[in-house]
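A.B. asks: To convert, note that position 154 of the sequence shown is 154 in full-length UniProt numbering; the numbers rise steadily by one, no gaps.
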Amino acid sequence: MEATEKDILRGGQFLVKETKCEDVFTPEDFSEEQTMMKESVMEFNDREIIPHKPRFEAKDYALTEEVMRKAGDMGFLSVSVPEAYGGMGMGFVSTVLTCDYISSGTGSFSTAFGAHTGIGTLPITLYGTEEQKQKYVPKLATGEWFGAYCLTEPGAGSDANSGKTTATLSADGKTYKINGQKMWISNAGFCSLMIVFARIEDDKNITGFIVEFDKNNPNGITMGEEEHKLGIRASSTRQVFFNDTVVPADNMLAGRGEGFKIAMNALNVGRIKLAAACLDSQRRILSIAVNYANERKQFKTPIADFGAIKTKLAEMAASAYAGESATYRAAKNIEDRITLREASGNSHQEAELKGVEEYAIECSILKVAVSEDVQNAADEGIQIFGGMGFSEETPMESAWRDARIARIYEGTNEINRMLSVGMLVKKAMKGHVDLLGPAQKVQEELMGIPSFDTPDYSELFSEEKEMIKKLKKTFLMVAGGAVQKYGQNLEDHQQLLIAAADILIEIYMAESAILRTEKNVKRTSEKEQSAQIAMAKLYLYHAVDIVEEKGKESIISFAEGDEQRMMLMGLKRFTKYANYPDIVDLRIEIAEKVKAENKYCF
């Protein structure tokens, strides 16, 4: 069925509109083509990446480049590239799926792959002229050339627009000379093309350029030594220096001063792809952990039979399941929005740009949630292995080290938290998401007399869905109160923004897990989905706790007197179950399923 404008929620609208389970896409909805793609990518990972893990850990940069070339030969670098430029032209879900299943062998390859297919190629496919795309994209799609992205500088990190690298126009207007220094540049050691951001004269915003790099004719480009990093050890990361590097004026990307916009929109796509890149790592960490826990005996018992270990396995599974559910939900929303815009006459370039931009809030939510969940999974993985987990002989310590960068690149998690709420407030002010009406209703509800009826919660997830509605009211109450108090100055109150973001994140993740499970129960049965039901309930239970904590922190920080008392009473009402789930039972059910299958099996 073709999606229509009215069927697709706009970005951020999940907060104020009810989503039916039939309207979310889940991993169980993969088409035959997507399933084949997934199997092909998994097979590549098992053959070309995982067996060579020790070489990656020993900083074998040449191996990273070699495997990238093989990925190019298989077509994996070209999944999202339109057919007109030598790509497969597959949809956004397939792009996310490829990124998901190719990324779990090692963070070194995952980073090289993500940097090349995302921020290395996308700025040209999204902003390039027809000539630029014809000239460069086919080379990037096949892996003949690799791309790098030069944005960060010693003095310009999160404040990306403050870069000091300059671009000076020649007297004849035909070339620019670029001078400056970039750092933390992924793929620098083997790239043939760089997207470089520089400032022209005293422009307010930076400008993007496509810069070719040939080792035999360096054109004023020199590289620092490979960085020694905590993780992603075989990912080439270097400083890049530009000394009178001459670039044709035709290689400017988009227009003068458009660089900041290019950087931000390329990062939106990068964020959801980074979330995807953490998913199979979580699955694999859990599978390795449960293998070990089933085999390792203490007190004459497999440690997987102990409640302390079951708790860890269940929590790891529930987080991975929620992350999958939310990532593919958003990916399909983006794909549908792109399809819709193409159908209404937008070019693919414009459609993809606007499609991803529409869901920038969800992309930030996913980046934060999944990068933190994979770190927790790796941490618990080490704990399950005990002393062996701390050893380089087992895969857990490298998983833990590799996971750590995910909370920093593509915009730190702090920046992404503030962005998600900031973008939502901006959308509300533009009238794209009606937050004001629903926030007003919550205000009225707080003043009214609560209902003391006992609802009928006999239907599956009826209480959980009611809880989600109440958590949304909590967000509206907290964010609405903060906006009322601080107005345009809200962004100066970072601690409040971060607390509000945590509420927003938990709502999206918990709702995604519930909707996915509900959809699959309707296709199969409650019995077949019993462990998934348990995971959705377990995730929600923790979400409610986080919302309560962050809600309280916010309310007591910006409200006082009667207003504070009323809001705290509202918070209590909005975070109270009628029937609390039995958390221990839920964990046992999930852990027993994972134990029996000896892997992540959902």
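Just so it is clear, CB atoms sit at the ideal spot from N, CA and C, and this is done for glycine as well. As the structure is a prediction and not an experimental result, all values here were calculated from the model.
So residue 385 and residue 292 are in contact, right, with Cβ under 8 Å, and what is the actual spacing, rounded?
C.D. replies: That pair is a contact at about 6 Å.
A.B. asks: What does DSSP give as the partner residue(s) for residue 186 in the beta ladder?
C.D. replies: Answer by DSSP bridge pairing, in chain order: 237.
A.B. asks: For the stretch 332 to 352 against the stretch 313 to 321, are there 3 or more C-beta pairs whose distance is under 8 Å?
C.D. replies: With a cut-off of 8 Å, the stretch 313 to 321 and the stretch 332 to 352 do not count as touching, because too few Cβ pairs lie within range.
A.B. asks: Do residue 581 and residue 537 have their C-beta atoms closer together than 8 Å?
C.D. replies: Their beta carbons are under 8 Å apart, which means residue 581 touches residue 537 by this criterion.
A.B. asks: Which stretch, first to last residue, makes up the beta strand (DSSP E) that contains residue 195?
C.D. replies: Counting along the chain, the beta strand (DSSP E) containing residue 195 begins and ends at 193 to 200.
A.B. asks: Determine contact between the stretch 223 to 235 and the stretch 397 to 404, defined as no fewer than three beta-carbon pairs at a distance below 8 Å.
C.D. replies: With a cut-off of 8 Å, the stretch 397 to 404 and the stretch 223 to 235 count as touching, because enough Cβ pairs lie within range.
A.B. asks: Taking only three categories from DSSP, how would you classify residue 601?
C.D. replies: Of the three classes helix, strand and coil, the one that applies to residue 601 here is coil, per DSSP.
A.B. asks: Residue 605 to residue 439, Cα distance in whole Å?
C.D. replies: Residue 605 falls outside the range modelled here, since the chain spans only 1 to 602, and no answer is possible.
A.B. asks: Helix, strand or coil: how does DSSP classify residue 434 here?
C.D. replies: Coil.
A.B. asks: Over what stretch of residues does the alpha helix (DSSP H) that includes residue 382 continue unbroken?
C.D. replies: Per DSSP, residue 382 belongs to the alpha helix (DSSP H) from 360 to 385.
A.B. asks: Would you decide whether residue 411 is buried or exposed? Buried here means 16 or more other CB atoms lie within 10 Å of its CB.
C.D. replies: Classification of residue 411: buried, given that the 10 Å Cβ count is 16 or more.
A.B. asks: With residue 377 and residue 285 assumed to form a contact (beta carbons below 8 Å), what rounded beta-carbon distance in angstroms separates them?
C.D. replies: Indeed, because the Cβ distance is near 5 Å, the residues count as touching under 8 Å.
A.B. asks: Could you tell me the alpha carbon to alpha carbon distance between residue 604 and residue 62, rounded to whole angstroms?
C.D. replies: Residue 604 lies beyond the residue range present for the chain, which begins at 1 and ends at 602; the question has no answer from this structure.
A.B. asks: Taking residue 261 as the reference, give the member of 295, 353, 201, 30 with the closest Cα.
C.D. replies: If we check each option's Cα against that of residue 261, 353 comes out closest.
A.B. asks: Whole angstroms are fine: how far does the CA of residue 544 sit from the CA of residue 588?
C.D. replies: So the alpha carbons of these two residues sit roughly 20 Å apart.
A.B. asks: Just the Cα atoms here: how many angstroms apart are residue 483 and residue 494?
C.D. replies: So the two alpha carbons sit approximately 13 Å from each other.
A.B. asks: Answer yes or no: does any C-beta atom of chain C fall closer than 8 Å to that of residue 204?
C.D. replies: In the displayed structure, chain C is absent; only one protein chain is listed.
A.B. asks: Tell whether a beta-carbon distance below 8 Å holds between residue 423 and residue 334.
C.D. replies: Cβ distance not < 8 Å, so residue 423 and residue 334 don't count as in contact.
A.B. asks: Check this for me: beta carbons of residue 258 and residue 208, under 8 Å apart or not?
C.D. replies: Taking 8 Å as the Cβ cut-off, residue 258 and residue 208 qualify as a contacting pair.
A.B. asks: For residue 308, is the classification buried or exposed, using 16 other Cβ atoms within 10 angstroms of its Cβ as the cut-off for buried?
C.D. replies: It is exposed - the Cβ of residue 308 has fewer than 16 other Cβ atoms within 10 Å.
A.B. asks: Helix, strand or coil for residue 393? Go by DSSP, reduced to three states.
C.D. replies: Coil.
A.B. asks: Indicate whether the contact test is met: 3 or more Cβ pairs, each with one atom in the stretch 492 to 506 and one in the stretch 547 to 557, closer than 8 Å.
C.D. replies: Enough Cβ pairs lie closer than 8 Å, so yes.
A.B. asks: In terms of DSSP beta bridges, what is residue 153 paired with?
C.D. replies: According to DSSP, which records beta bridges pairwise, residue 153 is partnered with 156.
A.B. asks: Which of the three DSSP states is assigned to residue 629 in this structure?
C.D. replies: The requested residue 629 is not part of the displayed model; the chain covers only 1 to 602.
A.B. asks: Are the beta-carbon atoms of residue 115 and residue 167 separated by less than 8 Å?
C.D. replies: Against a cut-off of 8 Å, the Cβ pair of residue 167 and residue 115 comes out as no contact.
A.B. asks: According to the neighbour-count rule (16 or more other Cβ atoms, all chains shown, within 10 Å of its Cβ), is residue 238 buried or exposed?
C.D. replies: Looking at its Cβ environment, which holds 16 or more other Cβ atoms inside 10 Å, residue 238 is buried.
A.B. asks: Which same chain residues end up closer than 7 Å to residue 382 when comparing Cβ atoms and leaving out the 5 residues on each side of it in sequence?
C.D. replies: The answer, listed in chain order, is 389, 390, 396, 397, 400.
A.B. asks: DSSP on residue 298, reduced to helix/strand/coil?
C.D. replies: Residue 298: strand per DSSP, three-state reduction.
A.B. asks: Which residues in the same chain as residue 24 place their Cβ atom closer than 6 Å to its Cβ, once the five residues preceding and following it in sequence are excluded?
C.D. replies: Counting only Cβ-Cβ distances below 6 Å, and skipping sequence neighbours, we find 329, 515.
A.B. asks: Please classify residue 619: does DSSP put it in a helix, a strand, or coil?
C.D. replies: In the structure as shown, the chain starts at 1 and stops at 602, and residue 619 therefore has no counterpart that could be examined.
A.B. asks: I'd like the ranges of any beta strand (DSSP E) spanning at least 3 consecutive residues and lying wholly in the stretch 236 to 318.
C.D. replies: Fully enclosed beta strand (DSSP E) runs of 3 or longer: 237 to 248.
A.B. asks: Counting only the same chain and skipping the five closest in sequence on each side, list residues whose C-beta sits under 7 Å from that of residue 122.
C.D. replies: So the qualifying residues of the chain are 266, 269.
A.B. asks: According to DSSP, is residue 477 part of a helix, a strand, or is it coil?
C.D. replies: Helix, per DSSP.
A.B. asks: Look at residue 660 and residue 97 and say whether their C-beta atoms are less than 8 Å apart.
C.D. replies: Nothing about residue 660 can be read from this structure; the chain reaches only from 1 to 602.
A.B. asks: Just how far apart, CA to CA, sit residue 539 and residue 134?
C.D. replies: Whole-angstrom Cα-Cα distance: 47 Å.
A.B. asks: Pop quiz: residue 485 and residue 442 are said to be a contact at Cβ under 8 Å. What is the actual Cβ separation, rounded to whole angstroms?
C.D. replies: Incorrect: roughly 16 Å between the Cβ atoms, too far for contact.
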